[in-house]
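One structure is given below, encoded as C-alpha cells.
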Amino acid sequence: MLFKAFSLNLLLTLGSVAASALSERDTSPLERRVTCGKNTWKIGGKCYCNRLQGFRPPLYRRLPFRAYVNWKNKCACNKSYLTFKDNTCKCALDSQKNDGAKCTDKCPGPYNNWVKEDECACDPKFIPNPDTSVPGCVRDCSNGAVPNDDSTACVCTGENFVLKGNQKECECAPDYVPGEGEDEGKCVAKCFGGATPLADHSGCECKAENFKLKTGNRECECKADYVPGEGADSDKCVPLCSNGATPKEDHSGCECLDANAHLVNDNRECACNTKWSLGSGPNSQICIPDCSNGATPKTDNTGCECLDTNAQLTNNQQECECKALFKPDQGSCVPDCLSATPKADNSGCECTKAHFQLKENKQDCECVPPFVPGTGDNSDKCVPVCVAPATLKADGSACECPSHAHLKGSGLECDCDPKYILTTKPKKQPTCIYDCGTAKLNPTFDGCTCEKPNTEFKQDTKSCGCKTGYTGLSRFGCVSDCGTTDAKWNSAKSACVCNVKAYTYTPADGTVSAKCGCAKATDVYEEGDGICHESCGDDADWNKKSRACICRKKGMQFNNGACACPKPDEQKWNGSKCVPDCGNDAQYDNKQARCVCLKRGMKWANKQCACDAGFTWKNQNKGCVANP
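Residue numbers (mature numbering (1 follows the signal peptide of the UniProt record, and there is no 0)): -19 to -1, 1 to 609.
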C-alpha cells in the first residue's frame, strides 16, 4: 500500500511539472484561444477531465473516472445516468447508489428513510420488514398481532383474538381463555363442569357419554334417565337401573348380570327367564333353575341335573327319569338285568362266570368264542371246543393234552413237547413219542437206543454216533479216537499208530493234545529216508548213504549237533582245514608242519613260546638274551 501511494504521488508530481513546462512553451494563436470548462484541465491547447489523461492514456484507462470532455469543453460521464462532480462520476442524489445499470435508492421501500451515507431509519411505530426479500418497513406488531395489507395498523388474525389497548398486541376475546397443551397459542371457549371447548373454539361441548350442556352452554350434566356414577364411575353418567339391573360397562344402558334373567320395563329392570325362578335365602338375589322329580339345580345354576348317575333329564330339562337298561327301585335307578347279574356299583349288568360275556342287549349272558355251552354236568358252563388229541377236562374248565404234549396258544390244540413227535402208529404207540430219527425207539417210547459198540444217540443229528473219545462209525461200531489226524487206531495192536512209521504216538495229557512226532523232540524227520535223526544244524547236511550228518567244511567232524575239528582241544580251523592249535604266541607253518613262535629265537611247547633256559626275551634286542 505504501508503494502504491508513493507511485501515485510521483505520477501527480510529474504531471504538474509537465503542465508547467507546456505552459512556458510558445503556443500558437489557435491554442491560446481554447477555453476549458469547469472541472477540466487545459493541457497544450486541449481540455482534459484529469491532468494525467493527456500524458498517460493507458494509466487513465485504469482510473475509475470514465469521463470525457464534451463539445462544450465540459466533463461528462460515459454512463448517462451518472453526473460528473468532485472529479468523479456518481449519482446526482447522495441518497442513491450506482448499481451498475442505474441509480437506485439506498433506503428503498415504504416507511424507510435515508439518514446519511448507507444509514436508513423506519418511520415511528414501524420496523424493518422481517422478510428481507421485501424492502422497506412494516408496522411494529407483536404477541400474535400482524400488520394489515397496507401496513397502516396491526390486526389479530387468530380466531377469538382482539387487539389490546396498545393496538400492538393480541389477547383473547371475552368468554375465551388461552388454550393449553395441543391448544396452546389459541383462544378456547371458557368451559367448566366437565365441558370442553369445541374443535373450532366457537363454544363448549360435553364429550363424555350420556352428558349434555346445562343452560348457558358452559357446563355439563347427565342426560334424562341417567344419574351421576359413584366410586370408580364418579366422573361418568350411568343409566338409572333397578330391581337387579346394573349399568353396562360402556354406560349405554342397563343389563342383567344374572345369565338366567332378562330386561323388562323399558330395559331398566330384571326378571327371571322361563324355567327359572327367584331363589331364596343365600340365592334370594339370583334366578335358579325350576327343578322337580329328582332333579336339582346345578352348582353354577345354569340348569337342572340328576345326581343319580343312572338317571337323565327328561325333554323339559327339569325332571329326572331312568336311563335305558335301568329301572326305578326305591327312589333310585338300578340295572334292568335278565340272565346277567347287576354290578355291585349298579353301573350296569355283568357276567360273573368264566368264559361268559354280555350279549348286545347288555342284559343277558352268552359264551365267549371259541367257548360253547356245556352239556351234562357242565350245562351251566361255557366249555372250550377241544381239537384231538386234546380232550376236555372233567370240570369243563379247559382242554388237556396226553403225556409229552402241551396246549398251543389257542388252548384248544396240542403240540408234542420238544424232542417228541406225533406217532404214526396210534394203535400201538402213545400220541407223542421221542423223535429218534434213524435211531431205534426204546420200549417206553421216551428215548432212543444205539446197539453198536461205543455208540450213543446224538440229539443234533437225530441218529446214532460215536461216543466221546471214539470215532470211525461203521457197521461194527466205533473205535477209539486217537485225537489227531496224524494217527489211527490199530485193532491188531489195540493202540493208536502214527501214519508216519518213524513217528511215535503221544496221547493227550491234560491241556496237551495228542500228537505224532520223532521220539526225541530235538530230532528231525528225514522224509526221503523215512527216519528220525538228530538235527544237522546250519553247517552240516544229511547223507542218505552214510545216514549221518556230514560237515560242509572238509576235515571237520559232526558231533553233538555241531561241526568241529576231530580234536577240538588240540586243533582249530584256519579257514581251509583243521590244524594244530598253536596258542596265542605261535602259528602253524604248513611247510614245516609244526608250530613256529612269532618271536624269533623262542621255542614252542604246550601251546606256549619261551626262551631256552638261561635266556630272557628283550624287546630292544628283539630276541632271547643270555641272563647276566
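C-beta atoms are modelled at their ideal positions from N, C-alpha and C, and glycine is treated no differently. What you are looking at is a predicted structure, and each value in this text was computed from that prediction instead of being measured.
For residue i, does the three-state DSSP call read helix, strand or coil?
| i | result |
| --- | --- |
| Asp522 | strand |
| Asn342 | coil |
| Pro561 | strand |
| Asn93 | strand |
| Asn471 | strand |
| Pro351 | coil |
| Gly117 | coil |
| Ala134 | coil |
| Ala213 | helix |
| Pro263 | helix |
| Gly357 | helix |
| Arg43 | Low per-residue confidence applies at Arg43: pLDDT is 38, beneath 50, and the placement is therefore not dependable, though the value from the model is reported in the following sentence. It is coil, neither helix nor strand. |
| Gly174 | coil |
| Leu194 | strand |
| Thr16 | coil |
| His387 | strand |
| Ser9 | A caution first: Ser9 carries a pLDDT of 46, below 50, which makes its placement in the model too unreliable to give a value. |
| Gly498 | strand |
| Phe426 | coil |
| Leu393 | coil |
Name the DSSP bridge partner or partners of residue i?
| i | result |
| --- | --- |
| Val398 | Per the sequence shown, residue 398 should be read as Asp rather than Val. DSSP, once it has assigned bridges, lists no residue as partnering Asp398. |
| Pro159 | Cys168 |
| residue 622 | The requested residue 622 does not occur in the structure, where the chain is confined to residues -19 to 609. |
| Asp86 | Gln77 |
| Thr452 | Val460 |
| Asn540 | Ala543 |
| Gln552 | Pro561 |
| Pro414 | Inspection of the sequence shows that residue 414 is occupied by Ile rather than by Pro. Per DSSP, Ile402. |
| Ala242 | Cys253 |
| His514 | Val505 |
Excluding the 5 residues flanking residue i on each side, which residues of the same chain have their C-beta closer than 8 Å to its C-beta?
| i | result |
| --- | --- |
| Lys195 | Gly174, Cys201 and Glu202 |
| Arg533 | Asp520, Ala521, Asp522 and Cys544 |
| Thr133 | Arg120 |
Taking just the CA atoms, how far does residue j sit from residue i?
| i | j | result |
| --- | --- | --- |
| residue 692 | Lys83 | Here the chain has residues from -19 to 609 only, and residue 692 is not among them. |
| Cys135 | Val143 | 10 Å |
| Cys253 | Lys308 | 35 Å |
| Val169 | Thr113 | 34 Å |
| Pro488 | Leu422 | 36 Å |
| Cys272 | Ala242 | 16 Å |
| Gly35 | Asn68 | Legend: pLDDT at Gly35 = 44, less than 50; position of this residue unreliable, no value from coordinates given. |
| Asp570 | Ala591 | 18 Å |
| Ala292 | Asp281 | 20 Å |
| Thr452 | His385 | 33 Å |
| Asp164 | Ser223 | 42 Å |
| Val366 | Thr290 | 40 Å |
| Ala594 | Lys558 | 35 Å |
| Cys368 | Ala321 | Reading off the sequence shown, one finds Val at residue 368, where the question assumed Cys. Rounded to whole angstroms, Val368 to Ala321 spans 30 Å at the Cα level. |
| Ala176 | Val119 | 41 Å |
| Cys363 | Thr372 | 15 Å |
| Cys268 | Leu244 | 13 Å |
| Pro370 | Glu341 | 35 Å |
| Val349 | Asp427 | 38 Å |
| Glu236 | Glu186 | 28 Å |
| Cys251 | Leu294 | 28 Å |
| Lys97 | Pro89 | 14 Å |
| Ser378 | Ala276 | 48 Å |
| residue 655 | Val315 | The structure shown does not extend to residue 655, since the chain is modelled only from -19 to 609, so the question has no answer here. |
Please list, in chain order, all residues of the same chain as residue i whose beta carbon is under 7 Å from its beta carbon, the five residues on each side excluded.
| i | result |
| --- | --- |
| Val50 | Thr21, Cys28, Tyr29, Cys30 and Cys56 |
| Gly518 | Gly542 and Ala543 |
| Lys149 | Asp121, Cys122, Ser123, Ala126 and Cys135 |
| Leu238 | Thr227 |
| Asn274 | Glu300 and Cys301 |
| Cys397 | His385, Ala386, Leu403 and Cys413 |
| Asn540 | none |
| Tyr401 | His385, Cys413, Ile414, Tyr415 and Asp416 |
Go through its chain and collect everything with a Cβ distance to residue i's Cβ below 6 Å, but skip five positions before and after it.
| i | result |
| --- | --- |
| Cys218 | Asn191, Phe192, Cys203 and Tyr207 |
| Glu286 | Lys279 |
| Cys58 | Ala48, Phe65 and Cys70 |
| Gly418 | Lys443 and Ser444 |
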